[in-house]
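Engineer: I have a structure I would like to understand better, so I am pasting it below and will then ask my questions one at a time.
Numbering (this note's numbering), first residue to last: -9 to 232.
Okay, structure coming up:
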């Protein structure tokens, strides 16, 4: 089954600009559509449609940061028939509009206007733990709280940790959250830019006045995981690849 899911993911990464349907992907995996959908979500944590959307937005981020193509041209190139749909989806996933993201990629500071902060008027708990990086991180490590196992937009609360070791976040609003840790890894050589090191917790239930401990290891994500799309405060301008 995993071999089939990997074939489907390869198809998504190779043909993301095409109007790929669930039937197309199930055929590439050589699995019935019913079993494909269930198995894909179990292996990757997301639906095929969401994985495809993440790959398209990932490619759009690359084009925004490395080319002078217009947003409309990039929208078409990554498989969106509607500029409005592309812009809305990009902004939801990344936390910035395509135009604002391009400015950040070109060196402008990450905008803070409208950036959510930890609500002070809601019941809250706290999180802490330790971080380990394999291989060693080449940047500070962002630790942030998100509302989805595939981080979208800006974190509810975040902190930059200068090196692996202890961290703490508070106040963390009451709710069900996922903890992300991410940093830039070492470059393989001068020709290949560094990639991200990522670690993600299972669902965390934060309750009022209570503390949870979460230890994470960050490492290069493997083929099963969709690209990380969220803007990462504090390390976004340092990032060379997504």
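Yeah, the Cβ is synthetic: ideal placement off N, Cα and C, and Gly gets one too.
Just so we're clear, the structure is a prediction, and the values are computed from it rather than from any experiment.
So, under 8 Å CB-CB, residue 167 and residue 204 are touching, yes? Tell me the CB distance rounded to an integer number of Å.
Structural biologist: The residue labelled residue 167 in the question sits at position 177 within the chain shown. The residue labelled residue 204 in the question sits at position 214 within the chain shown. Not confirmed; about 10 Å, so no contact.
Engineer: Whole angstroms are fine: how far does the CA of residue 26 sit from the CA of residue -3?
Structural biologist: Locating residue -3 in the chain shown gives position 7, where the first residue counts as 1. Locating residue 26 in the chain shown gives position 36, where the first residue counts as 1. For residue -3 and residue 26, the distance between alpha carbons rounds to 11 Å.
Engineer: Just to confirm my understanding: we take residue 62, look at its own chain, exclude 5 residues before and 5 after, and list those with CB closer than 6 Å. What are they?
Structural biologist: In the chain shown, the residue the question calls residue 62 occupies position 72. Result list for residue 62: 73, in chain order.
Engineer: Report yes if the CB atom of residue 198 is closer than 7 Å to the CB atom of residue 164, and no otherwise.
Structural biologist: The count along the chain shown starts at 1 and reaches residue 198 at position 208. The count along the chain shown starts at 1 and reaches residue 164 at position 174. It is a contact, given that the beta carbons lie within the stated cut-off.
Engineer: So what's residue 174 in DSSP terms, helix, strand or just coil?
Structural biologist: If you number the chain shown from 1, residue 174 lands on position 184. It is a strand residue.
Engineer: Quick one: what does DSSP say residue 91 is sitting in, helix, strand or coil?
Structural biologist: One-based indexing of the chain shown puts residue 91 at position 101. The answer is helix: DSSP assigns residue 91 an H, G or I state.
Engineer: Would DSSP call residue 62 helix, strand or coil?
Structural biologist: In the chain shown, residue 62 corresponds to position 72, counting from 1. Correct three-state label for residue 62: helix.
Engineer: Smallest Cα separation from residue 172: which of 201, 113 and 121?
Structural biologist: Start at 1 with the first residue of the chain shown, and residue 172 comes out as number 182. It is 121.
Engineer: Does the separation of the CB atoms of residue 217 and residue 44 fall below 7 Å?
Structural biologist: Position 227 of the chain shown, counting from 1, holds the residue named residue 217. Position 54 of the chain shown, counting from 1, holds the residue named residue 44. Result yes, Cβ atoms of residue 217 and residue 44 sit closer than 7 Å.
Engineer: Under the DSSP definition of a beta bridge, which residues are partnered with residue 190?
Structural biologist: Your numbering for residue 190 matches position 200 in the chain shown. For residue 190, which the question treats as bridged, DSSP gives the partners 170.
Engineer: Considering only DSSP beta bridges, list what residue 151 is partnered with.
Structural biologist: As a position in the chain shown, residue 151 is number 161, starting the count at 1. Looking at the DSSP assignment, residue 151 forms a beta bridge with 131.
Engineer: Based on the DSSP output, what are the partners of residue 118 in its beta bridges?
Structural biologist: Looking up residue 118 in the chain shown gives position 128. For residue 118, which the question treats as bridged, DSSP gives the partners 158 and 203.
Engineer: Considering only C-alpha positions, which residue in the set 67, 175, 101 and 133 is nearest to residue 146?
Structural biologist: If you number the chain shown from 1, residue 146 lands on position 156. The option with the nearest alpha carbon to residue 146 is 133.
Engineer: Can you name the start and end residues of the alpha helix (DSSP H) that residue 38 belongs to?
Structural biologist: One-based indexing of the chain shown puts residue 38 at position 48. Run containing residue 38: 38 to 56, per the alpha helix (DSSP H) assignment.
Engineer: Work out the CA separation of residue 20 and residue 257 for me, nearest whole Å.
Structural biologist: In the structure as shown, the chain starts at -9 and stops at 232, and residue 257 therefore has no counterpart that could be examined.
Engineer: Where residue 92 and residue 82 are concerned, what is the direct C-alpha to C-alpha distance, given to the nearest angstrom?
Structural biologist: Translated into positions along the chain shown, residue 92 becomes position 102. Translated into positions along the chain shown, residue 82 becomes position 92. Taking the straight line from one Cα to the other gives about 16 Å.
Engineer: Measure the CB-CB distance between residue 159 and residue 141 and report whether it falls below 7 Å.
Structural biologist: Start at 1 with the first residue of the chain shown, and residue 159 comes out as number 169. Start at 1 with the first residue of the chain shown, and residue 141 comes out as number 151. No.
Engineer: To the nearest angstrom, report how far apart residue 55 and residue 207 are at their CA atoms.
Structural biologist: Mapped onto the chain shown, residue 55 falls at position 65. Mapped onto the chain shown, residue 207 falls at position 217. Residue 55 and residue 207: Cα-Cα distance of roughly 29 Å.
Engineer: How many Å lie between residue 58 and residue 79 at the Cα?
Structural biologist: In the chain shown, counting from the first residue as 1, residue 58 sits at position 68. In the chain shown, counting from the first residue as 1, residue 79 sits at position 89. Distance between the alpha carbons of residue 58 and residue 79 is about 21 Å.
Engineer: Using the Cα positions of residue 37 and residue -8, report the straight-line distance between them to the nearest angstrom.
Structural biologist: Position 47 of the chain shown holds residue 37. Position 2 of the chain shown holds residue -8. Their Cα atoms are separated by approximately 15 Å.
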